[in-house]
Amino acid sequence: MAGRRLAVRLAGLGLAVAVVALLPRLISEYRAFQLTYVGIYFIAILGLNILTGYSGQISLGHGAFMALGAYTTAVLTFHAGWRDLWTIPVAGLVAGAAGFLFGFPALRFSGVYLALATFAVAVATPSVLKRFPGLTGGSGGLVLDLPVAPFGLPLSPSDWLYYLTWAIALVLLTAAWLLLRGRVGRAFRAIRSSEVAAVSSGVNLAAYKTFAFGVSAAYAGVAGSLLAIAIAFVNPDTFPVSLSILILTGAVVGGLGALVGVAIGALFIEFLPIYAADVSNQAPAVIYGVVLIAVMFLLPTGAAGLLRRLLFPVTRRL
């Protein structure tokens, strides 16, 4: 039975990969660029879900880790002449290290206090970036070259970026799935359920909570790096406080503590503001808010909960 359920999941993943691979040939270049943004949000939400959904630590500051990843890519390409592709893993490592280090003082906080601490980081980040104009370009930021497909691949910049983003998203999704289905995932869920019970079961609270912060921040750093490459420009205003809230919104809509709804959360935060503006230019934020409240009211467990209810009759028969 378990083997059949795994086969169903793998078949669903294979179908999703095939659709993603074929989409650029079926849609306009502009829509493909929008879906590249969806892929970037997918990676950021996936990382936040590891932290908040699985280990139970609330973060309102993941936009800051995205900024760190983006500026790592920008500085290495602009000042050091690196190729943008090779800066992506470095951006993830830098942001991951920062998240891991932030996890130590964050051990003193939990719940709303941790959320406020991470929110303070997001608020301070744009001002800090402006303080080092020689490195970050200050308020004016840094202009980067458009991405070019390597090895002579016959792909336009937008197609190359689309496939690169979603290939990285697939790799990181697989890594998250392997991580969360093993001992680390069990420790995260134990911490989320009860820290006291987790400690009594032998879980090293400090190690796993800081590790969760590091992994989550690394995902955000990769997303920020891809964002910098996509728009070929970074400045402090690229990473407002609202970006952190947007990522958390996507995680909640997709479903905390589940990987299956991450893509839906990413689609939600990318396209709902656009469609809300199409409906009403005067009050797009109002429409966005009403739809968001309705989704949270009707789907308290997010899109992942809805998918489970829809697919449960199928998987139960297997």
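Okay, so the sequence shown: first residue is 239 according to this note's numbering, each after it adds one. Where is the CB? At the ideal position from N, CA and C, for every residue including glycine. No experiment lies behind these values; they were computed from the predicted model shown.
Comparing alpha-carbon positions, which option in Asp516, Leu510, Arg546 and Gly543 lies nearest Val529?
Locating residue 529 in the sequence shown gives position 291, where the first residue counts as 1. Taking only the C-alpha atoms, the option nearest Val529 is Leu510.
Apart from the five residues just before and just after Leu323, which ones in its own chain have a Cβ nearer than 7 Å to its Cβ?
Locating residue 323 in the sequence shown gives position 85, where the first residue counts as 1. For Leu323, where only same-chain residues beyond five positions count, the Cβ hits under 7 Å are Pro388.
Are Ala308 and Gly462 touching if we call contact CB-CB under 7 Å?
Translated into positions along the sequence shown, residue 308 becomes position 70. Translated into positions along the sequence shown, residue 462 becomes position 224. Yes, the pair counts as a contact, with Cβ atoms nearer than the cut-off.
Quick check: the segment 300–307 against the segment 359–367, are at least 3 beta-carbon pairs closer than 8 Å?
The segment 359–367 is in contact with the segment 300–307.
Note the first and the last residue of the continuous alpha helix (DSSP H) segment covering Gly499.
Numbered from 1 along the sequence shown, position 261 holds the residue referred to as residue 499. Where Gly499 is concerned, there is no enclosing alpha helix (DSSP H), given that its DSSP letter is neither H nor E.
Do Pro395 and Leu384 have their C-beta atoms within less than 7 Å of each other?
As a working note, residue 395 is residue 157 in the sequence shown. As a working note, residue 384 is residue 146 in the sequence shown. In contact: Pro395 and Leu384 (Cβ atoms closer than 7 Å).
Do you know offhand how far Glu433's Cα is from Leu253's?
The sequence position of residue 433 within the sequence shown is 195, counting from 1. The sequence position of residue 253 within the sequence shown is 15, counting from 1. Whole-angstrom Cα-Cα distance: 39 Å.
DSSP state of Val381, grouped into three classes?
The residue you call residue 381 lines up with position 143 of the sequence shown. Of the three classes helix, strand and coil, the one that applies to Val381 here is strand, per DSSP.
Grab the span of the alpha helix (DSSP H) containing Trp415 for me, first residue to last.
As a first step, residue 415 must be located in the sequence shown, where it is residue number 177. It spans Pro395 to Leu418 - the alpha helix (DSSP H) in which Trp415 sits, taken as one unbroken run.
Would DSSP call Val528 helix, strand or coil?
By one-based count along the sequence shown, residue 528 stands at place 290. In the structure shown, Val528 sits in a helix (DSSP, three-state: H, G or I).
Less than 7 Å between the C-beta atoms of Thr274 and Leu399, yes or no?
Here residue 274 refers to the residue found at position 36 when the sequence shown is read from its first residue. Here residue 399 refers to the residue found at position 161 when the sequence shown is read from its first residue. In contact: Thr274 and Leu399 (Cβ atoms closer than 7 Å).
What's the gap between the Cα of Leu416 and the Cα of Val313?
To locate residue 416, count along the sequence shown from 1; it is residue 178. To locate residue 313, count along the sequence shown from 1; it is residue 75. Rounded to the nearest angstrom, the two C-alpha atoms are 32 Å apart.
When we look at the beta-carbon of Leu548 and count the other beta-carbons within 10 Å, is it buried (16 or more) or exposed?
Stepping through the sequence shown from its first residue, residue 548 is reached at position 310. Answer is exposed; the Cβ neighbour count stays below 16.
Around the C-beta of Pro371, are 16 or more other C-beta atoms found within 10 angstroms, so that it is buried, or is it exposed?
By 1-based counting over the sequence shown, the position of residue 371 is 133. Counting Cβ neighbours within 10 Å, Pro371 comes out exposed, since fewer than 16 surround it.
Please give the ranges of any alpha helix (DSSP H) in the segment 324–390, keeping only runs that are unbroken, at least 4 residues long and fully inside the region.
Entirely contained in the segment 324–390, the alpha helix (DSSP H) runs reaching 4 residues are, in chain order, 349–368 and 371–374.
Rounded to a whole number of angstroms, what is the C-alpha to C-alpha distance between Arg546 and Ala501?
In the sequence shown, the residue the question calls residue 546 occupies position 308. In the sequence shown, the residue the question calls residue 501 occupies position 263. The straight-line gap from Cα to Cα measures roughly 15 Å.
Measuring only the C-alpha atoms, how far is Ala456 from Arg269?
Working through the sequence shown from its first residue, we reach residue 456 at position 218. Working through the sequence shown from its first residue, we reach residue 269 at position 31. Their backbone Cα atoms lie some 27 Å apart in a straight line.
Can you tell me which of Ile326, Ser377 and Glu267 puts its alpha carbon nearest to the alpha carbon of Pro206?
Beyond the ends of the chain as shown, which are 239 and 556, falls residue 206; an answer cannot be given.
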